[in-house]
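Engineer: UniProt numbering applies: residue 1 is where the sequence shown begins, and numbers increase by one.
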Amino acid sequence: MARRPRGGDGAVKRSSASAASSSVQPDKPVRIKITSVGPQASGKSCLIKRFCESRFVSKYISTIGVDYGVKPHTVEGQQVRVNFWDLSGHPDFFEVRNEFYKDTQGLVLVYDASDANSFEDVAAYLQEARKFGVKSVPGVLCANKVLVHFFG
1 MARRPRGGDG AVKRSSASAA SSSVQPDKPV RIKITSVGPQ ASGKSCLIKR FCESRFVSKY
61 ISTIGVDYGV KPHTVEGQQV RVNFWDLSGH PDFFEVRNEF YKDTQGLVLV YDASDANSFE
121 DVAAYLQEAR KFGVKSVPGV LCANKVLVHF FG
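(1) Closer than 7 Å by C-beta to valine 110: which residues in its own chain qualify, once you throw out the five before and the five after it? Chain order, please.
(2) With burial defined as no fewer than 16 other Cβ atoms inside 10 Å of the residue's Cβ, what is the status of threonine 74: buried or exposed?
(3) Hey, could you find the ends of the alpha helix (DSSP H) isoleucine 48 is sitting in?
(4) Buried or exposed for alanine 113, please, with buried defined as at least 16 other CB atoms from any protein chain shown within 10 angstroms of its CB.
(5) In its own chain, which residues sit with a C-beta less than 7 Å from the C-beta of valine 24, not counting the 5 before and 5 after it?
(6) Who does isoleucine 32 pair with in a DSSP beta bridge?
(7) For valine 70 and asparagine 117, I'd like the C-alpha separation in whole angstroms.
(8) Should leucine 109 be listed as close to the ligand SAH, given that the test is whether its C-beta is under 8 Å from any heavy atom?
(9) Between which residues of its own chain and threonine 104 is the CB-CB distance below 8 Å, once the five residues before and five after are set aside?
(10) Tell me which residues share the same chain as serine 88 and place their Cβ nearer than 6 Å to its Cβ, disregarding the 5 neighbours each side in the sequence.
(11) With the cut-off set at 9 Å, would you say valine 146 and glycine 106 are in Cβ contact?
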């Protein structure tokens with residue numbers, strides 16, 4: 001997968017060569033790899049399914065290793081495929097997770113707002129991501145299950 005140069009703000013920058021080739025090949029999508037990580041049962045998979053497939057998953061099914069979702073978009077006439085890599089938060093899958101951080105272009109750290117321990121665990125997942133190559137990429141911290149926290 002070819003990577004496009006990034007500026008200090010994390011934005012994709014087009015070189016004149018890539019801009020010219022995109023006008024010749026408008027059907028070739030730009031691919032963006034987003035990695036989702038956080039404690040087990042924090043709702044990472046549900047967020048990705050909701051965003052990529054526009055559906056809500058009400059039954060909990062633990063991710064075994066890694067799951068994947070894709071969301072196509074068009075931005076200023078350019079096709080973009082946002083590829084979400086959903087890494088299991090279970091400690092047994094540490095060895096599997098560390099193989100999937102490579103080439104991450106964006107990080108989503110998810111925790112369960114109804115579980116204080118989940119928030120405390122997020123720092124360890126961020127440290128793990130940094131250890132395996134996710135250093136200077138845009139990221140977001142997502143407090144999931146907020147309504148459960150407030151309304152039980």
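Ideal placement from N, C-alpha and C gives every residue a C-beta, glycine not left out.
Structural biologist: So, from the data block:
(1) By 1-based counting over the sequence shown, the position of residue 110 is 110. Excluding residues within five positions, the ones whose Cβ falls inside 7 Å are Ser36, Gly38, Ser42, Gly43, Lys44, Leu47, Cys142 and Asn144.
(2) Here residue 74 corresponds to residue number 74 of the sequence shown, with the count starting at 1. When all chains shown are included, threonine 74 counts as exposed.
(3) Residue mapping note: residue 48 aligns to position 48 of the sequence shown, counting from 1. Where isoleucine 48 is concerned, the enclosing alpha helix (DSSP H) stretches over 44-53.
(4) Here residue 113 refers to the residue found at position 113 when the sequence shown is read from its first residue. Counting Cβ neighbours within 10 Å, alanine 113 comes out buried, since at least 16 surround it.
(5) By 1-based counting over the sequence shown, the position of residue 24 is 24. For valine 24, the predicted structure reports a pLDDT of 39, less than 50, and the residue's modelled location is therefore unreliable. The matter cannot be settled from this model.
(6) What you label residue 32 is simply residue 32 of the sequence shown in a count that begins at 1. Val82, per the DSSP bridge assignment.
(7) Numbered from 1 along the sequence shown, position 70 holds the residue referred to as residue 70. Numbered from 1 along the sequence shown, position 117 holds the residue referred to as residue 117. Spanning the two alpha carbons is a distance of roughly 30 Å.
(8) As for the ligand SAH, it is missing from this structure, which has no ligand bound.
(9) Numbered from its first residue, the sequence shown carries residue 104 at position 104. Counting only Cβ-Cβ distances below 8 Å, and skipping sequence neighbours, we find Lys33, Ile34, Thr35, Trp85, Ala129, Gly133, Val134 and Val137.
(10) Start at 1 with the first residue of the sequence shown, and residue 88 comes out as number 88. Correct list, in chain order: Thr63 and Gly65.
(11) What you label residue 146 is simply residue 146 of the sequence shown in a count that begins at 1. What you label residue 106 is simply residue 106 of the sequence shown in a count that begins at 1. Result no, Cβ atoms of valine 146 and glycine 106 do not sit closer than 9 Å.
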